[in-house]
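K.L.:
Here it is, the structure, as structure tokens.
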Amino acid sequence: MTPISIYQAALDVVSEAVLAGDFAVYAAMIDLPYLVLTDSAQLLITREADLRPTFDALHLGLKARGVHHYKRLARQADYVARGRIEGWHFTHVLSERDFAVPSRSARQVIVHRDGRWHFSEAQYPIAADRWPLSDHMLFADPLRTLRPEGAIP
Numbered sequence: 000m001t002p003i004s005i006y007q008a009a010l011d012v013v014s015e016a017v018l019a020g021d022f023a024v025y026a027a028m029i030d031l032p033y034l035v036l037t038d039s040a041q042l043l044i045t046r047e048a049d050l051r052p053t054f055d056a057l058h059l060g061l062k063a064r065g066v067h068h069y070k071r072l073a074r075q076a077d078y079v080a081r082g083r084i085e086g087w088h089f090t091h092v093l094s095e096r097d098f099a100v101p102s103r104s105a106r107q108v109i110v111h112r113d114g115r116w117h118f119s120e121a122q123y124p125i126a127a128d129r130w131p132l133s134d135h136m137l138f139a140d141p142l143r144t145l146r147p148e149g150a151i152p
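Just so you know, we're using the working numbering here: the sequence shown kicks off at 0 and counts up by one.
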């Protein structure tokens with residue numbers, strides 16, 4: 000498989016788990032410690048239990064907005080080391096045929112451990128200086144578009 004297909008498959012598992020409210024599947028995809036970079040802070044999550052409030056805020060926020068389509072589309076992904084892929088994607092959140100929130104870009108790193116790919120780092124263009132992330136932080140308009148140099152918009 001190519002780096003972008005591996006990255007897309009990992010994104011799909013997590014997106015489906017969030018939309019369905021399946022915390023066990025979501026948590027199994029996270030490699031702890033998990034680093035989250037925002038425009039305001041570097042947040043390090045070290046315990047699985049600490050993932051839950053942000054997961055719930057995202058799941059319940061999607062549900063409250065009538066979202067039935069939560070899709071993250073990989074735009075670029077490359078091996079940056081053995082067993083480590085850095086990727087960029089756009090998130091599209093739809094309710095019926097309309098965007099429930101503006102599309103946004105993000106960067107994530109996945110690592111290969113124990114025969115599986117896990118998310119180990121994320122970067123979001125949001126103003127969030129503390130964990131857990133709240134509904135307001137998660138669903139605010141993005142501050143900017145993240146994109147690697149030379150990437151396709």
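By construction, the Cβ of each residue, glycine as well, lies at the ideal position given by its N, Cα and C atoms.
1. Which residue marks the beginning of the alpha helix (DSSP H) containing Leu18, and which one marks its end?
2. I believe Trp116 touches Ile5 by the beta-carbon criterion, under 8 Å. Please report the beta-carbon distance rounded to the nearest angstrom.
3. Let's see if you can read the secondary structure: which residues bound the beta strand (DSSP E) around Asp113?
4. Identify the continuous alpha helix (DSSP H) that holds Asp55 and give its terminal residues.
5. Assuming Val24 is part of the alpha helix (DSSP H), what are its boundary residues?
6. Apart from the five residues just before and just after Gln7, which ones in its own chain have a Cβ nearer than 6 Å to its Cβ?
P.N.:
So, to answer that:
1. Here residue 18 is taken as the residue at index 19 of the sequence shown, counted from 1. Here the alpha helix (DSSP H) through Leu18 covers 2 to 19.
2. Counting from one through the sequence shown, the residue named residue 116 turns up at place 117. Counting from one through the sequence shown, the residue named residue 5 turns up at place 6. Contact holds; Cβ gap of about 6 Å.
3. Translated into positions along the sequence shown, residue 113 becomes position 114. Counted as a single uninterrupted DSSP element, the stretch harbouring Asp113 is not any beta strand (DSSP E), since DSSP gives it neither H nor E.
4. Within the sequence shown, residue 55 is the residue found at index 56, counting from 1. Bounds of the alpha helix (DSSP H) holding Asp55 are 51 to 63.
5. For the purposes of this step, residue 24 is taken as the residue at position 25 of the sequence shown. Unbroken alpha helix (DSSP H) run through Val24: 22 to 27.
6. Numbered from its first residue, the sequence shown carries residue 7 at position 8. Hits under 6 Å: Ala73.
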